[in-house]
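Report on the structure given below.
Numbering (our numbering), first residue to last: 916 to 1428.
So this is what it looks like as structure tokens:
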């Protein structure tokens, strides 16, 4: 079709735009997702076109769209064709980046147009508008705010198209009755008031990538070719990183060793100066090395086997006393203590007793793993927690049941620990949340495209703990946790932390009814 010639490749677009500028044409640029073209878009484009000679619409590629599950509803090809079919649009370029900076640098427009609502930069939940303005000005252009008619693609899609499961749609629609997108944003922004202490085992996750070649001919064991490896901040450090973008202050208390590779890594992530991150030369810093393979058939990372570097005999009463003394001086200055108890040695009986007695608000995640299977049950290690989050295996072990009644068994444990809020995460199955007022929340997973499930529970727990501390409704706490978990399963291990802007954008989109 004739309009297909308007769609140009990212790699070749700069030459086209240079030629247009050389011909004396003023380029005007609009940028976005443009998932469902509506009258508001048409007016926006027409008003933008009036500012110059050629209108360039740059389009965020699907893999970088952060509007929640099922978005974009239309794929890259259909969205590109829909835009190119508009008479006022001269060029369409698909942009393989999450933000607009690279798109602006590509086009170098005379005028870069955003909707009038963005004239107030606080309306941009991504926080990217300031970078956009700087980039436009650096490239010699001006930003203009246009669009006299406003509609919402997200609201139209949420109400009229089937991009969500029926369960998720009903959950979000009901939550939206109490929490509009703006009210949701305000609730998340209020986390800035919180001072949080993370207490728990520091773990470093090493991913060793191999290409499996098959079985050896003599011993019939798995053989693989080494490709590369990376080391990531896991355990309590992962939770610390998840919480940091949301809260006014986040500190960490734990024990690490003095290995030569450790300090440069901590310095890289600006964690090394944490005053309650104690060093002990006799302590073996915990490393969990996983041998993995990138799958050719799916996005999910294939895990082959794991080696744990843990000192099972570690005891140091001096370090234990030092940590308690330091926390005794500072703990009342925090609003929330987030415990990540992996059962790897930090959380001794004395430290557990101290933290239960002194924490202003205590959230607990008491994890079961291959190292402590059956020996780190929350009801045996703790007598009280204001909030907690467990997975299905952890609740099964605690209840002593092979077959759970999820809500009933979670309520039994919540009541036993005197918890205000409790969550049961269940992977692909519906997450359950309960509070002390008798309210229950059931939310299905918000992401079906799984890359790696490692760290998803920590991400859920981090946001749920903040919600519990702020006494937000159990439905909202569950939703926040699920949004964080949905991000985490798209990330390999703990290579990235939960993005506040992505969480806000996804949550606000899902609540836009």
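Note that beta-carbon positions come from the ideal geometry of N, C-alpha and C, so glycine has one too. Model, not experiment: these values are computed from the prediction.
- Here the alpha carbons of residue 1037 and residue 1303 stand approximately 34 Å from one another.
- The residue from 1417, 1185, 989 with its alpha-carbon nearest to that of residue 948 is 989.
- 1280 is the residue among 1280, 1297, 1290, 1132 whose C-alpha sits nearest the C-alpha of residue 1306.
- Looking at the DSSP output, residue 1124 sits in a beta bridge with 1143, 1207.
- For the options 1367, 1332, 1360, the alpha carbon positioned closest to that of residue 1350 is the one of 1332.
- Residue 1097 counts as exposed, since fewer than 16 other C-beta atoms from the protein chains shown sit within 10 angstroms of its C-beta.
- Within the segment 953-1039, the complete alpha helix (DSSP H) runs of at least 4 residues fall at 954-964, 991-999, 1016-1022.
- Residue 1110 is bridged by DSSP to 1164.
- For residue 1050, the uninterrupted alpha helix (DSSP H) run begins and ends at 1044-1053, by DSSP.
- Out of 1110, 1108, 1087, 1109, the CA that lies nearest to the CA of residue 1099 is found in 1087.
- Under the DSSP assignment, residue 1083 falls in the alpha helix (DSSP H) whose first and last residues are 1081-1093.
- If you ignore the 5 residues before and after residue 1298, its C-beta comes within less than 8 Å of the C-beta of 1271, 1332, all in its own chain and listed in chain order.
- The beta carbons of residue 1403 and residue 1374 sit about 4 Å from each other, so the pair counts as a contact at 8 Å.
- Pairing residue 982 with residue 1127, the inter-Cα distance amounts to about 36 Å.
- The Cβ atoms of residue 1164 and residue 1111 sit closer than 9 Å to each other.
- For the pair of segments examined, the segment 1211-1230 was found not to touch the segment 1240-1251: the number of CB pairs separated by less than 8 Å stays below three.
- Restricting attention to 1229, 1210, 963, the CA atom closest to the CA of residue 1125 is found in 1210.
- DSSP places residue 1355 outside any alpha helix (DSSP H); the residue lies instead in the beta strand (DSSP E), whose first and last residues are 1355-1358.
- With a contact defined as Cβ atoms closer than 8 Å, residue 935 and residue 964 miss out at about 14 Å.
- Less than 9 Å separates the beta-carbon of residue 1008 from that of residue 928.
- When the beta-carbon positions are compared, residue 1287 and residue 1384 stay at least 9 Å from each other.
- In the DSSP assignment, residue 1238 falls within the alpha helix (DSSP H) that extends over 1232-1245.
- Each residue's CA atom was taken as its position, placing residue 1381 and residue 1071 some 31 Å apart.
- Taking residue 1177 as reference, the option from 1046, 1044, 971, 1117 with the minimal CA-CA separation is 1117.
- With contacts defined by Cβ atoms closer than 9 Å, residue 1401 and residue 1361 form a contacting pair.
- Secondary structure of residue 1369 (DSSP, three-state): coil.
- DSSP places residue 1343 in no beta strand (DSSP E); its state is neither H nor E.
- Judged by DSSP in its simplified three-state form, residue 1278 adopts strand.
- Around the CB of residue 997, 16 or more other CB atoms lie within 10 Å, so the residue is classed as buried.
- Within the same chain, and ignoring the five residues on either side of residue 940 in sequence, the residues whose Cβ sits closer than 6 Å to its Cβ are 968, 969.
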